[in-house]
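Encoded as structure tokens, the structure appears first; notes follow it.
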Amino acid sequence: MNTALPPEIEEILRQIREFIPTLSAAAGEVTTLLQQGDVAQGMRGLGELVNGLKELQRVLEFLCSSFSVELSGLESSRVQIEAVYPSLLTAVEDADPVAISDVLSYELVPALESCQGGLQRG
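As structure tokens, then:
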């Protein structure tokens with residue numbers, strides 16, 4: 000069943016499609032800073048990245064709860080992004096810039112790419 004979404008929701012989806020690459024780029028920038036030893040700047044960037052992720056999660060949760068059938072693929076993307084948080088939290092608590100970089104590069108960015116792919120198909 001391919002039901003058209005309201006224009007307001009289509010606009011939200013368009014904005015998310017534009018926002019996800021920004022989050023991926025921010026994750027790459029934080030990773031680079033941490034790998035170069037600029038831990039203070041990297042951690043500041045990580046804070047901004049986490050704020051962006053929270054906003055993305057909030058919007059995805061709203062869309063999933065409001066349009067469960069039409070946007071069912073977004074729920075798996077939301078869960079996949081959310082699944083990164085425990086690893087990231089552990090790396091931050093351990094003050095381990097290498098682990099933080101690994102989580103961003105090998106867990107978060109692929110989860111964001113998966114979400115972006117789901118939005119492109121939708």
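Residue numbers for the sequence shown follow numbering that gives the first Met the number 0, so the first one is 0 and each next one is one higher. No residue lacks a Cβ here, since even glycine has one placed at the ideal position from N, Cα and C. These numbers come from a predicted model, not from an experiment.
Simplified DSSP state of residue 91, which is helix, strand or coil
Helix at residue 91.
Exposure label - residue 6; buried when at least 16 CB within 10 Å
exposed
Is it buried or exposed, residue 96, if we count other Cβ atoms within 10 angstroms and call 16 or more buried?
buried
Quick check on DSSP: helix, strand or coil for residue 29?
helix
Going straight from the alpha carbon of residue 9 to that of residue 16, what length do you get?
10 Å
Grouping DSSP H, G and I as helix and E and B as strand, with all else coil, what is residue 83?
coil
For a quick check, are the C-beta atoms of residue 134 and residue 114 less than 8 Å apart?
Residue 134 cannot be examined here, being either before or after the span of the chain that is shown, 0 to 121.
Whole-angstrom C-beta distance between residue 62 and residue 73, which should lie under 8 Å
6 Å
Three-state class that DSSP yields for residue 36 in the structure shown
coil
Where does the unbroken alpha helix (DSSP H) through residue 96 begin, and where does it stop?
For residue 96, the enclosing alpha helix (DSSP H) stretches over residues 96-102.
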